[in-house]
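Engineer: Residue numbers (the numbering used here), protein chains in the order written: chain A, 1 to 110; chain B, 111 to 223. By construction, the Cβ of each residue, glycine as well, lies at the ideal position given by its N, Cα and C atoms. Just so you know, these numbers come straight off a predicted model, no measurement behind them.
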């Protein structure tokens, strides 16, 4: 079983729709939960991070963590064409390296 | 403030050669991590350096090595290049080791022919 599972997509949505992304993980030692956005030919950019179960909101982005189910989600409201990118979930145990999901490619069509 | 700078951006090498990639972290960041990104394997951790010492190492062969200088700049070296080493190599810096607040550079695209 992979340590992190993430659907590769592509996920295609019309402009203005809600984008829903998720990852499952198996390592109970993961304490930090992150979402990165990566545009073509660029490095990943940190969007959201959290270390507890529950929801965290930042503008149009909401990150959700359910530690009991080992499941994290990212929701993007009012999606824009500029949100078209690959979204990577990432996990970290204390003082350790980042473990990434394979990424979900998102296309927001005008 | 300046971000993480990686040089060169693109590189083409021949099998069997060696290559050195460079990373300048954000000013004040003392930890530098290296990742390899390929379509098949995604982002995989290579190693992390803090205060010139390797703190963590991923599951890569010994042909992959790195170092960090006193000014926190880091280099990674790949010797005896193989076709499978073709990838985007990403450097990330953070204030301290194990810090979740990583900032990535744009990467060096290495093609081995």
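Tell me where the beta strand (DSSP E) around residue 152 of chain B begins and ends.
Structural biologist: Looking at the DSSP string, the run of the beta strand (DSSP E) that includes residue 152 of chain B is 152–160.
Engineer: Please classify residue 39 of chain A: is it buried, with 16 or more other beta-carbons within 10 angstroms of its beta-carbon, or exposed?
Structural biologist: exposed
Engineer: Taking residue 216 of chain B as the query, report the chain A residues whose CB atoms sit under 9 Å from its CB, ordered along the chain.
Structural biologist: Result: 41, 42, 43.
Engineer: Check for me: the beta strand (DSSP E) holding residue 136 of chain B runs from which residue to which?
Structural biologist: No beta strand (DSSP E) contains residue 136 of chain B, which DSSP labels as neither H nor E.
Engineer: Taking a Cβ distance cut-off of 8 Å, strictly less, list which residues of the region 161–172 of chain B are near chain A, in chain order.
Structural biologist: Those residues of the region 161–172 of chain B placed with their C-beta closer than 8 Å to a C-beta in chain A are 166, 168, ordered along the chain.
Engineer: Tell me, please, whether the CB atom of residue 155 of chain B is closer than 9 Å to any CB atom in chain A?
Structural biologist: yes
Engineer: From the DSSP output, which residues share a beta bridge with residue 13 of chain A?
Structural biologist: A/108
Engineer: Leaving out the 5 sequence neighbours to the left and right, which residues in its chain are closer than 7 Å to residue 6 of chain A when beta-carbon positions are compared?
Structural biologist: 23, 89, 101, 102, 103, 104
Engineer: Quick check: residue 37 of chain A and residue 85 of chain A, are their CB atoms within less than 9 Å of each other?
Structural biologist: Yes, the pair counts as a contact, with Cβ atoms nearer than the cut-off.
Engineer: Could you check the C-alpha separation between residue 62 of chain A and residue 142 of chain B for me, to the nearest Å?
Structural biologist: Residue 62 of chain A and residue 142 of chain B have their C-alpha atoms spaced approximately 29 Å apart.
Engineer: How would you call residue 96 of chain A, buried or exposed, if buried means at least 16 neighbouring beta carbons within 10 angstroms?
Structural biologist: buried
Engineer: Determine the DSSP secondary structure at residue 7 of chain A, reduced to helix, strand or coil.
Structural biologist: Correct three-state label for residue 7 of chain A: coil.
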